[in-house]
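J.: Each step along the sequence shown adds one to the number in our numbering, with nothing skipped, and position 384 is 490.
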Amino acid sequence: MKTTVQTLQGSRIGHFIDGAFVAPQDGVYAPSYDPTTAEPWYEFALGDARDVDAAVRSAKAALLNPAWRRLTQTDRGKLVRRLGELVLAHAEELAQLECRDNGKLIKEMRAQMRAIPDSYGYFAGMADKLQGDTIPVNKLDTLNFNLREPIGVVGMIIPWNSPLMMLTGTLAPCLAIGNTIVVKPSEHATASALALAELVIEAGIPAGVVNVVTGDGATTGDALTRHPGIAKYVFTGSTDTGRKIAGNAADNLVPCQMELGGKSPHVVFSDVDIERAVNGVVSGIFAAAGQTCVAGSRCFVEAPVYERFVEALVERTRRVKVGHPMAEDTDIGPLALAAQLEKVEHFVGSGVREGAKVAVGGRKPQDEALARGWYYEPTVLADARNEMSFMRHEIFGPVVGVVPFSSEDEMIALANDTEYGLASGIWTRDIDRAMRFARNVEAGTVWINTYRSAAFMSANGGTKKSGYGRRGGFEVMREFSRLKNVVIDY
Ligand code: NAD
Numbered sequence: 107m108k109t110t111v112q113t114l115q116g117s118r119i120g121h122f123i124d125g126a127f128v129a130p131q132d133g134v135y136a137p138s139y140d141p142t143t144a145e146p147w148y149e150f151a152l153g154d155a156r157d158v159d160a161a162v163r164s165a166k167a168a169l170l171n172p173a174w175r176r177l178t179q180t181d182r183g184k185l186v187r188r189l190g191e192l193v194l195a196h197a198e199e200l201a202q203l204e205c206r207d208n209g210k211l212i213k214e215m216r217a218q219m220r221a222i223p224d225s226y227g228y229f230a231g232m233a234d235k236l237q238g239d240t241i242p243v244n245k246l247d248t249l250n251f252n253l254r255e256p257i258g259v260v261g262m263i264i265p266w267n268s269p270l271m272m273l274t275g276t277l278a279p280c281l282a283i284g285n286t287i288v289v290k291p292s293e294h295a296t297a298s299a300l301a302l303a304e305l306v307i308e309a310g311i312p313a314g315v316v317n318v319v320t321g322d323g324a325t326t327g328d329a330l331t332r333h334p335g336i337a338k339y340v341f342t343g344s345t346d347t348g349r350k351i352a353g354n355a356a357d358n359l360v361p362c363q364m365e366l367g368g369k370s371p372h373v374v375f376s377d378v379d380i381e382r383a384v385n386g387v388v389s390g391i392f393a394a395a396g397q398t399c400v401a402g403s404r405c406f407v408e409a410p411v412y413e414r415f416v417e418a419l420v421e422r423t424r425r426v427k428v429g430h431p432m433a434e435d436t437d438i439g440p441l442a443l444a445a446q447l448e449k450v451e452h453f454v455g456s457g458v459r460e461g462a463k464v465a466v467g468g469r470k471p472q473d474e475a476l477a478r479g480w481y482y483e484p485t486v487l488a489d490a491r492n493e494m495s496f497m498r499h500e501i502f503g504p505v506v507g508v509v510p511f512s513s514e515d516e517m518i519a520l521a522n523d524t525e526y527g528l529a530s531g532i533w534t535r536d537i538d539r540a541m542r543f544a545r546n547v548e549a550g551t552v553w554i555n556t557y558r559s560a561a562f563m564s565a566n567g568g569t570k571k572s573g574y575g576r577r578g579g580f581e582v583m584r585e586f587s588r589l590k591n592v593v594i595d596y
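(1) Could you compute how far the alpha carbon of residue 570 sits from the alpha carbon of residue 236?
(2) Distance check for residue 187 and residue 96, CA to CA, integer angstroms please.
(3) Taking 6 Å as the cut-off, is the C-beta of residue 328 nearer than that to any heavy atom in ligand 1?
(4) With a threshold of 16 other CB atoms inside 10 Å of the CB of residue 356, please say whether the residue is buried or exposed.
(5) Cβ of residue 399 within 6 Å of any heavy atom in ligand 1?
(6) Comparing C-alpha positions only, which one of 555, 549, 577, 568 sits nearest to residue 561?
(7) Helix, strand or coil for residue 196, going by three-state DSSP, please let me know.
(8) Measure the C-alpha to C-alpha separation of residue 389 and residue 197 and round it to an integer number of angstroms.
(9) Could you spell out where the beta strand (DSSP E) holding residue 372 opens and where it closes?
(10) Could you check where the beta strand (DSSP E) with residue 130 kicks off and where it finishes?
(11) Check for me: the alpha helix (DSSP H) holding residue 390 runs from which residue to which?
(12) Candidates 421, 151, 367, 310: which alpha carbon is nearest residue 550's?
(13) Around the Cβ of residue 80, are there at least 16 other Cβ atoms within 10 angstroms (buried) or fewer (exposed)?
(14) Determine the closest residue to residue 161 out of 334, 587, 381, with distance taken between C-alpha atoms.
(15) Run through DSSP, which three-state label would residue 205 get?
(16) Within the stretch 305-378, note down every full alpha helix (DSSP H) run reaching 4 residues or more, in order along the chain.
(17) For a quick check, are the C-beta atoms of residue 182 and residue 284 less than 7 Å apart?
(18) Hey, residue 156 and residue 131: beta-carbon distance below 7 Å or not?
(19) Ligand 1 and residue 370: does the residue's C-beta get closer than 6 Å to at least one heavy atom of that ligand?
(20) Can you find the residues in the same chain that come closer than 7 Å, C-beta to C-beta, to residue 359, ignoring five residues on each side of it along the sequence?
(21) For the putative contact between residue 263 and residue 341, defined by C-beta atoms under 8 Å, what is the C-beta separation to the nearest angstrom?
(22) Helix, strand or coil for residue 399? Go by DSSP, reduced to three states.
(23) Can you list, in chain order, the residues of its chain whose CB lies under 6 Å from that of residue 332, leaving out five sequence neighbours each side?
(24) Under 6 Å Cβ to Cβ from residue 289, same chain only, skipping five residues before and after it: list those, please.
(25) Mind checking whether the beta-carbon of residue 208 lies closer than 6 Å to any heavy atom of ligand 1?
See the structure below:
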């Protein structure tokens with residue numbers, strides 16, 4: 107693997123098209139920044155429409171290449187499994203790459219790298235389970251059946267917060283189905299997608315099946331979403347960008363899967379073990395410095411335990427250690443971008459002006475060693491109200507607002523009073539109440555007495571402005587394949 111932290115440091119890296127690294131056609135590169143120092147550490151190609159076109163052409167040619175098209179489903183599954191084995195063999199290098207690129211904790215990346223290879227194995231096993239069906243029709247001597255086929259070239263646009271994880275969620279099933287792929291990683295964390303593309307070739311998957319074209323959203327991403335050669339898009343990112351992409355895709359009548367932002371409710375009832383619930387709320391919001399789509403950023407606490415809960419939450423939050431992402435004892439690393447830090451500062455400021463109280467945090471850490479990076483203390487804003495601006499917008503940072511509620515009806519109204527519908531969580535010992543919540547909350551995922559417990563075996567996705575389409579389980583195999591009806595008279 108060429109794209110290790112050591113080889114990338116101070117170097118320039120091109121797109122990955124048709125099985126090889128290539129320079130951008132107009133020769134323009136941009137720096138990728140190390141979030142712990144705010145300094146550039148390598149340069150990636152800034153793709154334009156010509157680079158995107160080359161990548162899509164390569165993927166289209168690979169779709170027709172007999173070495174891919176004429177593989178049996180079992181043999182295709184073997185290649186996907188082999189890719190998973192290579193990802194496992196390179197797990198530590200991939201983990202370090204992503205930490206350096208987006209400031210993710212090394213311990214979190216190592217945990218992700220234990221799950222990601224398994225996900226290739228899981229979807230590899232589905233390659234030969236994808237089947238069509240026969241249809242009884244009102245006609246004798248006729249065989250009417252549906253073939254299930256690859257959908258074509260899939261355009262994947264991914265964010266910076268968990269690129270490998272996000273990519274794997276659709277890349278593994280798309281390969282198992284027999285699709286070909288053009289990936290546009292985020293301009294803020296490009297390296298791991300390129301490293302994965304190299305492993306695809308090493309696994310024996312033909313050149314052109316997976317292409318990576320790097321660059322920003324406005325030029326490279328926009329060109330990809332306007333290209334007529336794409337059969338379906340999968341987009342993971344913000345709701346505003348999703349709206350633009352869906353608009354471009356609609357012009358070509360191309361469907362999308364949209365995995366967008368969130369402002370997820372995390373509910374605590376007074377019948378629970380407060381310490382357990384506090385731990386759940388802390389990991390639900392502060393994991394990855396709040397830069398997770400499912401972050402439980404609106405916390406609703408039943409009035410009788412509100413004061414006690416806030417006290418315990420503050421005490422627990424003080425013990426969350428902010429530090430360098432490579433240190434094993436760090437709980438929160440830096441934010442990935444300068445713009446994220448500004449956004450966090452803006453929304454904490456607006457929350458205070460609107461009457462919320464900074465119970466803990468609310469500033470950059472005072473530690474000299476962290477001064478240059480984009481660090482921010484984990485922050486609890488107590489006495490918040492759902493209508494405050496920081497409770498309505500996705501901050502994507504380590505900030506939680508806490509609001510008391512008095513009745514179950516009030517709680518569900520508050521939980522659903524958001525334009526988003528990605529995840530939700532509830533802490534209660536009352537199973538009836540938990541099930542009522544699960545039925546009534548407007549969210550793609552409901553966690554009961556746990557939070558952020560996701561699996562690639564289950565269908566995940568959003569409702570409302572958090573998107574549409576499902577990733578995970580067999581559902582994703584259906585979403586990225588299509589049926590063709592065939593009729594034979596005999
Ligand atoms: P973003 O929307 O700014 O960018 C995501 C990707 O889209 C990047 O690759 C970017 O270059 C590209 N892009 C930007 N503008 C584009 C355009 N006009 N046309 C085409 N592509 C364009 O999001 P981000 O800041 O990278 O990521 C954070 C967001 O992602 C948050 O909103 C978070 O909730 C969301 N997210 C969602 C999920 C999920 O599964 N629902 C998972 C992770 C992140």
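Beta carbons: idealized from backbone N, C-alpha and C, even for Gly.
T.: On the basis of the data shown:
(1) For the purposes of this step, residue 570 is taken as the residue at position 464 of the sequence shown. For the purposes of this step, residue 236 is taken as the residue at position 130 of the sequence shown. Residue 570 and residue 236: Cα-Cα distance of roughly 30 Å.
(2) As displayed, the chain neither begins before 107 nor continues past 596, which places residue 96 out of reach and without an answer.
(3) On the sequence shown, residue 328 is found 222 positions in, with the first residue counted as 1. With a cut-off of 6 Å, the C-beta of residue 328 is classified as near ligand 1, since at least one heavy atom of the ligand falls inside that distance.
(4) Sequence index remark: in the sequence shown, residue 356 carries index 250 (1-based). It counts as exposed.
(5) To locate residue 399, count along the sequence shown from 1; it is residue 293. For ligand 1, at least one heavy atom lies less than 6 Å from the Cβ of residue 399.
(6) As a position in the sequence shown, residue 561 is number 455, starting the count at 1. Of 555, 549, 577, 568, the residue nearest in Cα terms is 577.
(7) One-based indexing of the sequence shown puts residue 196 at position 90. Note: residue 196 maps to coil in three-state DSSP.
(8) Looking up residue 389 in the sequence shown gives position 283. Looking up residue 197 in the sequence shown gives position 91. Cα to Cα, residue 389 sits roughly 24 Å from residue 197.
(9) Taking the first residue of the sequence shown as 1, we reach residue 372 at position 266. Here the beta strand (DSSP E) through residue 372 covers 371-374.
(10) By one-based count along the sequence shown, residue 130 stands at place 24. Where residue 130 is concerned, there is no enclosing beta strand (DSSP E), given that its DSSP letter is neither H nor E.
(11) Locating residue 390 in the sequence shown gives position 284, where the first residue counts as 1. Note, residue 390: alpha helix (DSSP H), 380-392.
(12) Here residue 550 refers to the residue found at position 444 of the sequence shown. The residue with the shortest Cα to Cα distance from residue 550 is 367.
(13) The chain is shown from 107 up to 596; residue 80 falls before or after that span and cannot be answered.
(14) By 1-based counting over the sequence shown, the position of residue 161 is 55. Cα-wise, what sits closest to residue 161 is 334.
(15) Against the sequence shown, residue 205 aligns to sequence position 99. It is helical.
(16) Every alpha helix (DSSP H) of 4 residues or more that sits fully in the stretch 305-378 is shown, in chain order, as 328-332, 345-357.
(17) Here residue 182 refers to the residue found at position 76 when the sequence shown is read from its first residue. Here residue 284 refers to the residue found at position 178 when the sequence shown is read from its first residue. Cβ atoms of residue 182 and residue 284: closer than 7 Å.
(18) Walking along the sequence shown from the start, residue 156 turns up at place 50. Walking along the sequence shown from the start, residue 131 turns up at place 25. It is a contact, given that the beta carbons lie within the stated cut-off.
(19) Numbered from its first residue, the sequence shown carries residue 370 at position 264. No, the beta carbon of residue 370 sits no closer than 6 Å to any heavy atom of ligand 1.
(20) Your numbering for residue 359 matches position 253 in the sequence shown. Answer for residue 359: no residue qualifies.
(21) For this step, residue 263 is matched to residue 157 along the sequence shown. For this step, residue 341 is matched to residue 235 along the sequence shown. Rounded, the Cβ-Cβ distance is 5 Å, consistent with contact.
(22) Counting from one through the sequence shown, the residue named residue 399 turns up at place 293. Residue 399 falls in the coil class under three-state DSSP.
(23) Residue mapping note: residue 332 aligns to position 226 of the sequence shown, counting from 1. Closer than 6 Å at Cβ, skipping near neighbours: 354.
(24) For this step, residue 289 is matched to residue 183 along the sequence shown. Here the set comprises 262, 299, 318.
(25) Here residue 208 is taken as the residue at index 102 of the sequence shown, counted from 1. No - ligand 1 has no heavy atom lying nearer than 6 Å to the Cβ of residue 208.
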